[in-house]
Amino acid sequence: MNGNHSAWLFFVLLAAGCPQSATPTATPAQPATLAQAPAPATVNAAQSAAPTDSEPPCTLQTALTPGIPGSPGHLIPSPLNPNGSSELAQLMRTMQAELKLARAAIERGEKVGPLLPTFRKIRCSWPTTATDRNAAFDGYAQSYLAAVKALQEAPPAEAAKAYGRVLDGCRACHEQSCGGAIPAIEALRLPSGR
Ligand code: HEC
Numbered sequence: 136m137n138g139n140h141s142a143w144l145f146f147v148l149l150a151a152g153c154p155q156s157a158t159p160t161a162t163p164a165q166p167a168t169l170a171q172a173p174a175p176a177t178v179n180a181a182q183s184a185a186p187t188d189s190e191p192p193c194t195l196q197t198a199l200t201p202g203i204p205g206s207p208g209h210l211i212p213s214p215l216n217p218n219g220s221s222e223l224a225q226l227m228r229t230m231q232a233e234l235k236l237a238r239a240a241i242e243r244g245e246k247v248g249p250l251l252p253t254f255r256k257i258r259c260s261w262p263t264t265a266t267d268r269n270a271a272f273d274g275y276a277q278s279y280l281a282a283v284k285a286l287q288e289a290p291p292a293e294a295a296k297a298y299g300r301v302l303d304g305c306r307a308c309h310e311q312s313c314g315g316a317i318p319a320i321e322a323l324r325l326p327s328g329r
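Take the sequence shown: its position 96, counted from the start at 1, is 231 in the numbering used here, and no numbers get skipped.
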């Protein structure tokens with residue numbers, strides 16, 4: 136493969152992993168049969184995730200498992216990404232759907248359900264482009280997860296502010312890596328602008 140071809144391929148992968156249009160079509164509460172499902176890939180809601188304490192480590196150092204759904208060569212079929220979605224791209228869609236549910240809970244004055252068991256995987260999921268999982272990414276991921284933890288622990292009166300900080304965390308990382316998804320992030324704001 137010559138250099139030009141590699142550059143072109145890189146661009147295509149990058150474009151596929153970070154689409155301009157980021158409209159969710161996901162229906163929550165579907166089973167997590169993502170890999171071989173002929174139907175459009177759907178998000179898996181947090182309720183199926185194991186509790187944080189019993190989970191294996193998930194940091195920048197965690198080795199990713201080849202061959203799992205969303206790994207290189209095993210992208211997850213998706214109506215949104217013609218080439219298929221990486222594990223990380225799929226997680227982004229899951230987080231987007233989960234935060235919509237969280238926003239609705241906040242608007243009803245209810246406590247937000249546990250998010251970390253699913254969201255923490257941001258640090259150990261296969262991205263479309265391997266080099267996207269680097270120290271800078273992980274730094275943003277850690278600040279973001281701190282905001283997610285604060286949200287899930289927030290009493291209802293504090294939840295709107297904590298929710299806004301989570302979206303700020305999404306946005307901060309995307310300003311560095313993938314600007315195309317920022318409109319989708321801003322669309323998750325509460326009517327109050329949080
Ligand atoms: C630490 C950095 C980081 C944070 C935090 C982050 N993202 Fe992402 N996001 C990425 C990267 C990198 C990609 C490209 C993923 C890929 O293609 O594998 C991405 C992709 C996406 C996509 C496109 C997914 C697709 O189908 O291709 C959406 C939508 C998205 N993010 C929304 C969000 C939302 C909403 C949040 C907060 C709840 C968020 N992101 C938090 C880095 C981040």
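Cβ atoms here follow ideal geometry from the backbone N, Cα and C, with glycine treated the same way.
Start and end residues, alpha helix (DSSP H) containing residue i
i	result
Ile-241	222 to 242
Val-283	270 to 288
Ala-307	291 to 312
Ile-317	317 to 321
Thr-197	First-last for Thr-197: undefined, no H or E at that position.
Thr-253	251 to 254
Whole-number beta carbon distance between residue j and residue i, since they are thought to touch under 8 Å
i	j	result
Gln-225	Leu-323	Not quite, the Cβ-Cβ distance comes to about 17 Å (not below 8 Å), so this is no contact.
Ala-295	Arg-329	5 Å
Leu-195	Ala-270	7 Å
Neighbourhood of residue i by C-beta distance below 7 Å, restricted to the same chain and skipping five residues each side
i	result
Arg-306	Ile-317, Ile-320
Ser-312	Asp-267, Phe-272
Ser-220	Ala-176, Gly-205, Leu-210, Ile-211, Ser-213
Gln-287	Val-247, Pro-249, Leu-250, Leu-251
Glu-245	Pro-291
Gly-202	His-209
Gly-314	none
Cβ-based neighbour list, residue i, same chain, cut-off 6 Å, excluding 5 preceding and 5 following
i	result
Ala-282	Arg-300, Val-301, Gly-304
Cys-259	Cys-193, Thr-197
Ser-327	none
Pro-191	none
Ala-285	Ala-297
Leu-234	Leu-323
Ala-240	Val-247
Cys-308	Tyr-275
Ala-289	Ala-297
For residue i: DSSP bridge partner residues
i	result
Ile-211	Ser-220
Reference residue i; option with closest CA among the options
i	options	result
Gln-277	Ala-292, Ala-265, Ile-257	Ile-257
Leu-223	Pro-262, Glu-242, Arg-238	Pro-262
Phe-254	Tyr-279, Ile-203, Gly-314, Leu-215	Tyr-279
Leu-199	Gly-314, Ala-265, Glu-310	Ala-265
beta-carbon residue i near the ligand FAD non-hydrogen atom, thresh 7 Å
i	result
Val-247	In the structure on display, the ligand FAD does not appear, and the ligands it does have are the ligand HEC.
Sequence-distant residues of the same chain with beta carbon closer than 8 Å to residue i, five excluded per side
i	result
Leu-325	Arg-238, Ile-241, Glu-242, Ala-295, Tyr-298, Gly-299
Glu-310	Ile-317
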